[in-house]
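Taken in sequence, the protein lines are chains A and B.
What the first sequence shows, in the UniProt record's numbering, is residues 1 to 381, in sequence order.
What the second sequence shows, in the UniProt record's numbering, is residues 1 to 381, in sequence order.
Backbone N, C-alpha and C define an ideal beta-carbon position, used for all residues, glycine too.
Note that the structure is a prediction, hence the values are computed from the model and not measured.
There are 2 protein chains.
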Amino acid sequence: MTRSNWSVPETEVLQRVHERLDDDSADVLATIVDVEGNAYRRPGAKMLLDEAGDGVGSITAGCLEDDLLAAAESVREDGRPELITYDLMDDEDDVWGLGVGCNGIIDVLLEPLTETYRPAVEAFADSRNVAVLTVLEGGDGPLTRGDRAYYHPAGEGLTTPEGTPADEWPAALADPAAVLAERGRTDTIEVDDLEVFIDGLAAPTELVVFGSGHDVGPVTELAAKNDFHVTVVGFRGSVDLEDRFPDADETVTTSPSAVADELDLEERTHAVVMTHNFIDDRLTVEQLLDSSVAYIGLMGPHDRFEKMLAEFDDEGRTFDEDALSSLYTPIGLDLGGGSPYQIAHSIVAEVLAVSNDRTPRHLRTREGHIHDRVTVDSPPQ
Amino acid sequence: MTRSNWSVPETEVLQRVHERLDDDSADVLATIVDVEGNAYRRPGAKMLLDEAGDGVGSITAGCLEDDLLAAAESVREDGRPELITYDLMDDEDDVWGLGVGCNGIIDVLLEPLTETYRPAVEAFADSRNVAVLTVLEGGDGPLTRGDRAYYHPAGEGLTTPEGTPADEWPAALADPAAVLAERGRTDTIEVDDLEVFIDGLAAPTELVVFGSGHDVGPVTELAAKNDFHVTVVGFRGSVDLEDRFPDADETVTTSPSAVADELDLEERTHAVVMTHNFIDDRLTVEQLLDSSVAYIGLMGPHDRFEKMLAEFDDEGRTFDEDALSSLYTPIGLDLGGGSPYQIAHSIVAEVLAVSNDRTPRHLRTREGHIHDRVTVDSPPQ
C-alpha cells in the first residue's frame with residue numbers, strides 16, 4: 001500500500017474523505033474510538049481505506065494497518081460497521097505489542113463510507129466546529145452500530161442525516177457534544193445501554209501571517225503540515241501571493257491600516273507579524289492588540305517592540321494587560337537555529353504550544369499523559 | 001529572480017556552491033561578515049548569485065537582495081571582492097530600514113566564486129569541520145581582500161589554496177580558527193592592520209533515526225529542512241529505505257544488536273529511537289547509552305522506559321548518570337500536537353534545542369541576544 005499517504009496532515013485525511021464521498025467510492029473509514037493505556041495516536045485518529053488497499057491517514061505507527069486492510073475488506077463486503085479491539089497491553093506479544101511498542105488497548109470502528117458522514121466533512125471544509133455522534137453499541141434500543149447524529153454549535157440540539165433514525169437520540173447527548181465540538185476532542189458516552197462515540201471536529205486553527213518576504217514561505221509550509229489553516233496577508237503591491245506561497249489556504253492583499261476590516265480577527269486566530277517593515281508592523285500590531293486574537297507573534301528584537309510601544313504611548317494609545325500578554329516578541333521558541341527553516345520551525349512550534357495551551361518544555365519533564373484527556377460528565381441516567 | 005530559492009536549508013547553499021564550482025560558473029558569493037545590532041541573519045549567512053540574477057540562500061529577509069544583485073554584477077565585471085556596508089540603524093530610513101525592520105549595520109563581502117573556495121565545500125561534503133579565513137582588509141601587508149586560508153582540525157596550522165599567498169598568514173590565527181571551526185561560529189580577527197573574517201563551517205549535526213515505520217517520514221523530512229545530516233536505520237527486512245525516506249542523507253539496514261558496530265556513534269550524534277518494537281528499542285538504547293552520543297530520544301510513554309530499565313537491572317546492566325541524562329522520553333517538546341507531523345515537529349524541535357544547548361522556552365522570556373555571539377581572544381599584537 002502507499003505508505004507515503006499514511007503520514008499526511010490530518011486536514012488532508014478529511015479532504016480526501018470529502019473527495020471520495022463525491023466519487024461515490026466504496027471506501028472504508030477507520031476511526032480510533034478508544035485507547036486504554038498509551039498509543040501512538042489518540043481517539044479520533046482516522047484512516048481511509050480504499051478498494052485498492054491504499055490508505056490515507058494513520059491510526060497507528062504502522063503495524064495494525066495490514067490487518068485493518070483485511071478487516072476493511074470484510075466490512076466492505078457485508079456493508080456493516082465493525083468494532084475491533086487490538087489489545088497491545090503485553091509488549092512481549094509478538095503479534096501486536098512489538099509493532100506498536102506501547103501498552104494500550106485500541107478500539108477501532110470500521111464502517112463503509114456513506115453519505116451520513118457528509119455533514120462532517122462539509123462543516124470541516126467551511127471551518128465550522130461540529131461533533132459527530134456515532135453509535136458503538138445500540139443495546140436494546142432502536143439505534144444500531146454506525147447510526148449517526150450531529151451537533152452543530154449554530155443549530156439547536158442534535159440533527160440526523162436524511163433517512164436515518166431521528167427521534168431515538170437522547171437529547172442529553174447535546175451538552176457533551178457541544179463541549180467536544182468546541183475543543184476538538186472526543187469521548188464515549190453511555191445512556192442506559194446505548195453507547196455513543198462523540199468525535200469533536202474543531203475547525204482548523206487559524207494562522208494569519210502578515211508579510212510577503214521569502215521568509216514567509218517556510219512558515220507557511222511548516223504551519224500547513226501542522227494542520228493550521230493558513231492565510232498570508234501581503235501589503236501594497238504584493239503580487240502572485242498564491243504562486244509564491246502555494247501552501248497557504250488563502251491569500252489577501254490589503255493595506256496595513258485596513259487589517260481589522262479585511263480580516264476576521266477572532267479568538268481562535270493566531271497572528272504572525274513579519275513584514276520587516278516597522279511602520280507596517282506597528283499598524284498591524286495595533287489592530288491585533290485591539291482585537292481578541294489568541295496569539296500575536298512579532299518578528300524582530302524586543303527593543304524594536306519597545307520602540308513601537310513608545311510610539312503608541314506618544315499617540316495616547318493604550319492596551320490592556322491581556323492583549324499585551326498575548327504578544328510574543330522576539331517570536332518563536334528558543335531552539336537556537338538561525339536558518340530560514342530553523343526560524344520558521346521555532347515560530348510554528350511556539351504557535352502550536354500556545355494554541356494547545358502548553359508550556360513549551362521537554363516532555364520528559366511533564367507530569368501525566370502526553371495527550372490531553374477530555375472527559376465530559378455523562379448525562380444523568 | 002527565483003525567490004523560491006532564497007529560503008533553502010543552509011546545506012543546500014553549500015551544495016549549490018559545490019556544483020557551481022564544478023560548472024566553472026561566474027557566480028558571485030555574498031557572505032555576511034559582520035552584524036552590529038540586530039538582523040534577520042547572522043554573520044556567516046551566504047547567498048550565491050548567478051549571472052542570470054538568480055540567488056540561492058539569503059542574507060536578509062528580502063530587501064537587500066535586489067541591491068546585492070547590482071553590486072554582484074559589478075564584482076563579476078571587475079573580478080575583485082567588495083565589502084559593502086548596509087546601515088539599517090535608522091528604522092525610519094525608507095531605503096533599507098523599513099525593509100529589514102531591525103536596528104543593525106550589516107557588512108557583506110561580495111567575491112567572485114573561485115577555486116580558492118573549493119576546500120570549504122569539499123570539507124562540508126565530507127562532514128569535516130573547517131574554518132575559512134578570508135582577508136577583509138590587507139592593510140600595508142602583502143595580503144589583500146579576498147585572499148584565503150584554511151584551518152583543518154586534522155591538519156597542522158593554516159593551509160592556503162595553490163597559487164595564493166602562503167607565508168604571509170599570521171600563525172596566531174590558527175587558535176581562534178580551531179575554536180570557530182569546532183563550534184561552527186564566526187568572528188573577525190585583527191592582527192596589526194590585517195583584518196580577517198573567520199567562518200567556522202562545522203559539519204552538519206548528525207541525526208540517526210532508528211525505525212522504518214511511516215512515522216519516520218515526517219521526522220526525516222523536517223530534520224533535513226533544519227540542516228541535520230539524517231541517517232535512517234532499519235532493522236531486518238527493511239527494504240526500499242531510500243525510496244520511502246527520500247530526505248534521508250543515508251540509509252542503513254542492519255540488526256538491532258549490531259548498531260554500535262555498524263554506525264559511528266560520536267559525541268555529535270543525535271539519536272531518535274522509534275522502531276515501535278520494544279525489544280529492538282531496548283537493544284538500540286542499550287548500545288546508545290554505552291556510547292557518547294549527545295542525545296537519545298525514545299518514543300513511547302515513560303513507563304515503557306521504566307520497564308526497559310528494570311530489564312537492564314535484571315541483567316546487571318548499569319549506566320552512568322551522564323548517559324541517562326542524555327535520554328529523553330517521552331520524546332519531543334510539549335507542544336500538544338497529536339498528528340504524525342505535529343509529533344515530528346516536536347521531536348525535531350527538541351533535537352534542535354539540545355544540539356544548540358538551549359532551554360526550550362518562549363524567546364520573549366530569554367535574556368540577551370537571540371543568536372549566540374562567540375568571541376575568541378584576538379592573538380597578541
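Cβ neighbours of residue i in the same chain (closer than 6 Å, five flanking residues each side left out)
i: Ala149 of chain A; result: Leu133, Leu158, Thr160, Trp169
i: Val230 of chain B; result: Leu207, Thr220, Ala223, Ala224, Ala248, Asp249
i: Ala123 of chain B; result: Val130
i: Ser292 of chain B; result: Glu267
i: Asp199 of chain B; result: Gly44, Val132, Thr186
i: Asp167 of chain A; result: none
i: Val17 of chain A; result: Leu48, Val121
i: Val75 of chain B; result: Val28, Glu82, Leu110
i: His276 of chain B; result: Gly213
Partners in chain A for residue i, counting only beta-carbon separations shorter than 9 Å
i: Arg42 of chain B; result: Gly338
i: Ser238 of chain B; result: Under the 9 Å cutoff, chain A gives no residues; its nearest Cβ is about 12 Å from Ser238 of chain B.
i: Asp227 of chain B; result: Gly337, Ser339, Tyr341, Gln342
i: Thr329 of chain B; result: Leu363, Arg364
Amino acids of chain B, ordered along the chain, whose beta-carbon sits closer than 8 Å to that of residue i
i: Asp333 of chain A; result: The question names Asp, but residue 333 of chain A in the sequence shown is Leu. In chain order: Leu333, Ala349, Ala353, Pro360, Arg361, His362, Leu363.
i: Asn356 of chain A; result: Leu335, Gly336, Gly337
i: Pro119 of chain A; result: Those within 8 Å of Pro119 of chain A in chain B number zero; the least Cβ separation is about 23 Å.
i: Glu10 of chain A; result: Ser339
Cβ-based neighbour list, residue i, same chain, cut-off 7 Å, excluding 5 preceding and 5 following
i: Pro165 of chain B; result: Pro142, Leu143, Asp147
i: Thr11 of chain B; result: Pro204, Asp227
i: Val95 of chain B; result: Interpretation of Val95 of chain B is limited by its pLDDT of 40, a score under 50 that renders its predicted location unreliable; the figure taken from the coordinates is listed afterwards. Once the five neighbours on either side are set aside, Val95 of chain B has no close Cβ partner at all.
i: Asn5 of chain A; result: Asp54, Gly55, Val56
i: Ile84 of chain B; result: Ala71, Val108, Leu110
i: Glu346 of chain A; result: The sequence shown places Ser at residue 346 of chain A, not Glu. Result list for Ser346 of chain A: Gly332, Leu333, Leu335, Gly337, in chain order.
i: Gly184 of chain B; result: Gly200, Leu201, Ala202
Residues near residue i by beta carbon distance below 8 Å, same chain, minus five either side
i: Thr294 of chain B; result: Inspection of the sequence shows that residue 294 of chain B is occupied by Ala rather than by Thr. Result list for Ala294 of chain B: Glu267, Arg268, Thr269, His270, Ser326, Val354, Ser355, in chain order.
i: Leu69 of chain A; result: Met1, Leu49, Gly53, Gly55
Where residue i meets chain A, residues with beta-carbon distance less than 8 Å
i: His18 of chain B; result: Under the 8 Å cutoff, chain A gives no residues; its nearest Cβ is about 18 Å from His18 of chain B.
i: Ser58 of chain B; result: His214, Asp215, Pro340
Chain B contact residues for residue i, given Cβ-Cβ distances below 7 Å
i: Pro218 of chain A; result: Ser7
Distance cut-off 8 Å: residue i Cβ against heavy atoms of the ligand NAD
i: Ile84 of chain A; result: Although the ligand NAD was asked about, the structure shown includes no ligands whatsoever.
Complete runs of the alpha helix (DSSP H) confined to the UniProt domain "XdhC Rossmann" (207 to 351) of chain A [at least 4 residues]: 216 to 225, 241 to 244, 259 to 262, 278 to 289, 302 to 314, 321 to 325
Complete runs of the alpha helix (DSSP H) confined to the stretch 18 to 90 of chain A [at least 4 residues]: 65 to 78
Touch test, the stretch 19 to 29 of chain A against the stretch 104 to 115 of chain A, Cβ-Cβ under 8 Å, three pairs minimum: yes
The stretch 204 to 216 of chain A: positions lying closer than 7 Å to chain B by Cβ: Gly213, His214, Asp215
The stretch 334 to 342 of chain A contacting the stretch 292 to 311 of chain A, beta-carbon criterion three pairs below 8 Å: no
Members of the stretch 249 to 277 of chain B that neighbour chain A once the beta carbon cut-off is set at 8 Å: Met274, Thr275, His276, Asn277
Near-chain B residues of the stretch 127 to 152 of chain A (beta-carbon distance less than 9 Å), N- to C-terminal order: none
Cβ-based contacts, 9 Å cut-off: residues of the stretch 168 to 183 of chain B near chain A: none
Contiguous alpha helix (DSSP H) assignments of at least 4 residues, all confined to the stretch 128 to 214 of chain A: 174 to 183
Members of the stretch 291 to 305 of chain A near chain B, C-beta cut-off 8 Å: Met299, Gly300, Pro301, His302, Asp303, Arg304
Stretch-stretch touch, CB-based, cutoff 8 Å, three pairs: the stretch 276 to 288 of chain B with the stretch 254 to 261 of chain B: yes
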